[in-house]
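J.: Before I ask anything, let me first share the structure, which is written out below as structure tokens.
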Amino acid sequence: MATIKIYDFPVANLSLNEAVNKVIKLIEEKRKAHIITINPEMIYAALNNPNLKQLILNADLILPDGVGIVLAGKIKGQPFKERVPGIELMEGVIRKKDNLKVYLIGAKPGVAEKAAIKLQEFNNTVEIVGVENGYFTDDEGKIEQIIKGNPELVLVGMGFPRQEIFIRNLLAKSPGPMVAVGIGGSFDVWAGVTKRAPKFMQKAGLEWLWRLIQEPWRYKRMLVLPKFALKVLVDYKLRGRQDS
Numbered sequence: 011m012a013t014i015k016i017y018d019f020p021v022a023n024l025s026l027n028e029a030v031n032k033v034i035k036l037i038e039e040k041r042k043a044h045i046i047t048i049n050p051e052m053i054y055a056a057l058n059n060p061n062l063k064q065l066i067l068n069a070d071l072i073l074p075d076g077v078g079i080v081l082a083g084k085i086k087g088q089p090f091k092e093r094v095p096g097i098e099l100m101e102g103v104i105r106k107k108d109n110l111k112v113y114l115i116g117a118k119p120g121v122a123e124k125a126a127i128k129l130q131e132f133n134n135t136v137e138i139v140g141v142e143n144g145y146f147t148d149d150e151g152k153i154e155q156i157i158k159g160n161p162e163l164v165l166v167g168m169g170f171p172r173q174e175i176f177i178r179n180l181l182a183k184s185p186g187p188m189v190a191v192g193i194g195g196s197f198d199v200w201a202g203v204t205k206r207a208p209k210f211m212q213k214a215g216l217e218w219l220w221r222l223i224q225e226p227w228r229y230k231r232m233l234v235l236p237k238f239a240l241k242v243l244v245d246y247k248l249r250g251r252q253d254s
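Read in the working numbering, the sequence shown has 252 at position 242, and its numbers run on one by one without any break.
Structural data, given as structure tokens:
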């Protein structure tokens, strides 16, 4: 599988459809796998935090979610086939893979339940084996609960880095196979709490602007995108950075 390194992170160069098929293959092969759909905010945080960097590097599959990651590939002269948003990836997997056992954990109380109903609208054969909100402190107890549910796919919506840390611990303790994906705010979209940007904004790479309009209090987080783009330009174009 071809990858493009962005600050030493091997990001898979797959189309959305190829990524969907890759995830389904991991499930059908009964693999234990951690999938990360990476964005500039995650890389920016990891650059100065060795623990976060190792957490991401330990993932079994890293996909280019953020528009800034796709831009970084272009600046490097190694363009990605396309952006692979986590929400579209999971919708594709659920629509295509029948009789899939799914566990949802994350978001505010009541949100994951509504998200689960939406997933069953995508594919009425999907089996929801567990639903939990993200407001808990007993990680060990929740991990045991998930393992008892015997899911094939675990969707974790707690935000970075909490969801990635939770997934790492879950997979370390799970005696059997499961594919786990951190999907941030996707539960809120599926539950109808928030709306995704219109298609024309998604295609133009302006989904970040839509989020900023909807949630102006996130402006500090959104500032990471221009900072990241400038850093990529300076490091790769002006300084000729070579990834290891």
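Glycine residues also receive a C-beta, built at the ideal position from the N, C-alpha and C atoms.
Return helix, strand or coil for Ile-115, following the three-state DSSP convention.
T.: strand
J.: Span of the beta strand (DSSP E) holding Phe-19?
T.: 19-22
J.: Which residues mark the beginning and the end of the alpha helix (DSSP H) in which Pro-236 is found?
T.: 234-242
J.: Work out the CA separation of Asp-148 and Met-126 for me, nearest whole Å.
T.: Checking the displayed sequence, the identity of residue 126 turns out to be Ala instead of Met. Rounded to the nearest angstrom, the two C-alpha atoms are 23 Å apart.
J.: Taking only three categories from DSSP, how would you classify Val-30?
T.: Three-state DSSP puts Val-30 in a helix.
J.: Helix, strand or coil, according to DSSP, for Met-11 in the structure here?
T.: Collapsing the DSSP output to three states places Met-11 in coil.
J.: Given this structure, state the Cα-to-Cα distance separating Asn-59 from Ile-45, to the nearest angstrom.
T.: C-alpha separation (whole angstroms): 20 Å.
J.: Is Leu-235 near Pro-50, with beta carbons less than 8 Å apart?
T.: Using a Cβ distance threshold of 8 Å, Leu-235 and Pro-50 count as a contacting pair.
J.: Three-state secondary structure (DSSP) at Ile-45?
T.: strand
J.: With a threshold of 16 other CB atoms inside 10 Å of the CB of Gly-116, please say whether the residue is buried or exposed.
T.: Flag for Gly-116 reads buried.
J.: Given this structure, state the Cα-to-Cα distance separating Ile-175 from Lys-42, to the nearest angstrom.
T.: Going from the Cα of Ile-175 to the Cα of Lys-42 covers about 15 Å.
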